[in-house]
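Remarks on the structure that follows.
There are 2 protein chains.
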Amino acid sequence: MSKFLLKKYASLLPYTPGEQPKTGGYIKLNTNESPFPPSEKAREEYLKAFDKLNLYNDPENGALGAAIAKRYGLKTGNVLLTNGSDEALAFIYMAYADAEHPFAAPEISYGFYPVFSQLTGARNVTFPLKPDCSVDADAFVKTEYNVVFANPNAQTGTFMPVEDVERIVAASPERIVAVDEAYVDFGAESSVGLIKKYPNLIVIGTFSKSRSLAGGRIGFALSSEEIVSDLKRIKYSFNPYNLGRAAEAAALGALADEEYFSECTARVKQAREFTRAEAKRLNMEVVDGKANFLLMRSELIDGGELKDRLFAKKIIVRHFSTPYLSPYIRVTIGSMDEMKTFIKVLENILKGAAK
Amino acid sequence: MSKFLLKKYASLLPYTPGEQPKTGGYIKLNTNESPFPPSEKAREEYLKAFDKLNLYNDPENGALGAAIAKRYGLKTGNVLLTNGSDEALAFIYMAYADAEHPFAAPEISYGFYPVFSQLTGARNVTFPLKPDCSVDADAFVKTEYNVVFANPNAQTGTFMPVEDVERIVAASPERIVAVDEAYVDFGAESSVGLIKKYPNLIVIGTFSKSRSLAGGRIGFALSSEEIVSDLKRIKYSFNPYNLGRAAEAAALGALADEEYFSECTARVKQAREFTRAEAKRLNMEVVDGKANFLLMRSELIDGGELKDRLFAKKIIVRHFSTPYLSPYIRVTIGSMDEMKTFIKVLENILKGAAK
């Protein structure tokens, strides 16, 4: 830290991304990526985009905005494109969060929400999960604060039915409700249909998971035209060309290939249910999740220890050292082959631990 | 604007990017892009990157950071990679600018500096240009504030010798001096050599101009390790995966092709000097610029009018309606063929205006 850094950042604790191994040979189940390559249509568009890479992209990303609007039954004025969904969240916090306007979030959720709170000088307001690890909708119905949560929730994967989301959004038109749907495409249901009815709802999406484009950096926020116009005001005061030509092209191609999208998400769901059943067979406790990961723990071995032993066998999973999550490992759902290997290795580790 | 937007942004006036025509057939001399495609080595790396687009990029962008460090004789700890240089500037303002810590900038410079000031609640402090349109180094030597300027300067293209930059940086170690070198590769000299001596200097660079990658979105900041560590703290609290795989790959390829880089920048310089000489022959007043654009005006016709007449002939140049710049047009240097066409069309317009 230099002597110049503004004092307000002195205790700022940045987000820690999951490990990205530099060498191959690992089964990578730690950052909720897709095990499948992007669509071949994404490749076609991506290759074509190179020829105009000397020219700035359309700062409005009009073509992609129109395609996303169409996909979700909205208008282009309801869509903001961002450099990954983290940037959408960052713009939302910049626009709406300060000391007087915190965002309330689940105590266990995406680890970036408290970072954004710190960054914008907002208090970190959280509500505990329910005993079954699901998000407590009633707590969010009652709060006067802005609201943000992931649905399915981050780390746990639990899904809040759209009726409950609507209860939260409808409870007060005087606050923002931001629903982060990064993991929605693996069997959960989107709240995007509520946007026409509630101008205070923001739904955040990403191409990083179900569209196999984590390294492409494409995110979006869907909301009322007033909210999108606020967020564009921030974007145009921060980084107007935030989504480049390669990202826009790949996203357009991916979006045009619904068949591949359905196939990939179906395969992830199938591998998830296989993994869930097998882990339960091995006496793991598995949280009831609908995302492309599962949170699980064993009574025999602590989460951190289990993560290390898996790593020694070339399988990378995510472990969080916070008290609540420490007993668990979070396992991204890879291909069926990868999950079979994971279960086999897990079984051996648990056998050893049981002795 | 929604009722939710924080009051501090009520009067925020976002940046207005230059026009990106949706249809072809225009000679595009308005946003300082390169008229040449990116290097074929950039294409190779870009194509290869697609196969891993389902995986997050290295958030440190270590490979590109090392290549840039090597190129500029620095260490990787001196390099921050960003989603275009606008994001580098945004992070710098976030880290160092507030009501008590403004950045002083030239009155005529990159139009984004006052926007960043507004965004961060910093006063807009500016110093007038000298009569020859160059940046007044003495004013910046004397100021107690943080300093930012483009060198060559935006809009005017004038270049401040490195000795003068050093005078500014050396005048006080108690403030940041940010030198935006977006346009440095067309015959100007970089101040990057001063970084080892002055921990308060930040040099900002981009692949958008001389590397033909405006649509790829690659920028960087070079500074002392303390400053880079501050900026990374902001980055990891804002958007950790800010530079995706496509951008990193294309940049690595472009950086590996110094021969093509030299050829492209030499051709731009040649076309610029041709354009300068021809414009002077047509009695245009041309500011003494070293960037990939020229600022020029005619006594016969106002800048806005001239821009419109060129547009009617399918040539797009940039016009700024602020009092100082309003008489001028800013003409990006394209290929020699494009500049010959520009001069021919300009000559006809001026002939008509002289009647």
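Sequence lines, in order, name chains C and H.
Sequential numbering from 2 applies to the first sequence in this note's numbering.
Sequential numbering from 2 applies to the second sequence in this note's numbering.
Each residue gets a CB set at the ideal place from its N, CA and C atoms; glycine is no exception.
Any chain H beta carbon closer than 8 Å to residue i
i, result
"residue 128 of chain C", "no"
"residue 87 of chain C", "yes"
"residue 295 of chain C", "no"
"residue 342 of chain C", "no"
"residue 215 of chain C", "yes"
"residue 68 of chain C", "no"
"residue 186 of chain C", "no"
"residue 28 of chain C", "no"
"residue 21 of chain C", "yes"
"residue 231 of chain C", "yes"
"residue 47 of chain C", "yes"
"residue 319 of chain C", "no"
"residue 38 of chain C", "yes"
Residue-chain proximity (residue i, chain C), Cβ-Cβ < 8 Å
i, result
"residue 197 of chain H", "no"
"residue 336 of chain H", "no"
"residue 156 of chain H", "no"
"residue 2 of chain H", "yes"
"residue 31 of chain H", "no"
"residue 246 of chain H", "yes"
"residue 125 of chain H", "no"
"residue 315 of chain H", "no"
"residue 141 of chain H", "no"
"residue 223 of chain H", "no"
"residue 177 of chain H", "yes"
With 16 other Cβ atoms within 10 Å as the buried cut-off, status of residue i
i, result
"residue 304 of chain H", "buried"
"residue 26 of chain H", "exposed"
"residue 263 of chain C", "exposed"
"residue 291 of chain C", "buried"
"residue 285 of chain H", "buried"
"residue 282 of chain H", "exposed"
"residue 323 of chain C", "exposed"
"residue 34 of chain H", "buried"
"residue 17 of chain H", "exposed"
"residue 107 of chain C", "buried"
"residue 132 of chain C", "exposed"
"residue 129 of chain H", "exposed"
"residue 41 of chain C", "exposed"
"residue 87 of chain H", "buried"
"residue 231 of chain C", "buried"
"residue 245 of chain H", "buried"
"residue 89 of chain H", "buried"
Alpha-carbon to alpha-carbon, residue j and residue i
i, j, result
"residue 201 of chain H", "residue 176 of chain H", "7 Å"
"residue 180 of chain H", "residue 138 of chain C", "50 Å"
"residue 339 of chain C", "residue 152 of chain C", "26 Å"
"residue 279 of chain C", "residue 348 of chain C", "9 Å"
"residue 351 of chain C", "residue 28 of chain C", "19 Å"
"residue 270 of chain H", "residue 293 of chain H", "7 Å"
"residue 43 of chain C", "residue 321 of chain C", "34 Å"
"residue 276 of chain C", "residue 38 of chain C", "21 Å"
"residue 31 of chain C", "residue 224 of chain H", "33 Å"
"residue 343 of chain C", "residue 122 of chain H", "51 Å"
"residue 53 of chain H", "residue 36 of chain C", "10 Å"
"residue 144 of chain C", "residue 2 of chain H", "24 Å"
"residue 300 of chain C", "residue 287 of chain C", "12 Å"
"residue 159 of chain H", "residue 268 of chain H", "19 Å"
"residue 77 of chain C", "residue 63 of chain C", "8 Å"
"residue 296 of chain C", "residue 114 of chain C", "19 Å"
"residue 23 of chain H", "residue 59 of chain C", "8 Å"
"residue 95 of chain H", "residue 103 of chain H", "11 Å"
"residue 19 of chain C", "residue 119 of chain H", "34 Å"
Beta-bridge partners of residue i, as assigned by DSSP
i, result
"residue 141 of chain C", "DSSP, once it has assigned bridges, lists no residue as partnering residue 141 of chain C."
"residue 105 of chain C", "C:126, C:148"
"residue 229 of chain H", "Residue 229 of chain H is not bridged to any residue."
"residue 80 of chain C", "C:223"
"residue 344 of chain C", "DSSP lists no partner for residue 344 of chain C."
"residue 59 of chain H", "None, per the DSSP bridge assignment."
"residue 133 of chain H", "In DSSP, residue 133 of chain H forms no bridge with anything."
"residue 258 of chain C", "DSSP, once it has assigned bridges, lists no residue as partnering residue 258 of chain C."
"residue 99 of chain H", "H:102"
### Query
What residue ranges within the segment 260-337 of chain C form continuous beta strand (DSSP E) runs of no fewer than 3 residues, ordered along the chain?
Segments of the beta strand (DSSP E) lying fully in the segment 260-337 of chain C: 294-298, 316-318, 329-333.
### Message
If we require 4 or more residues per run, which alpha helix (DSSP H) segments fall completely within the segment 140-225 of chain C?
### Response
Within the segment 140-225 of chain C, the complete alpha helix (DSSP H) runs of at least 4 residues are 163-172.
### Message
Suppose only complete runs of 3+ residues qualify. What are the beta strand (DSSP E) ranges in the segment 26-50 of chain H, listed by chain order?
### Response
Taking only runs of at least 3 residues, the beta strand (DSSP E) segments lying wholly in the segment 26-50 of chain H are 28-30.
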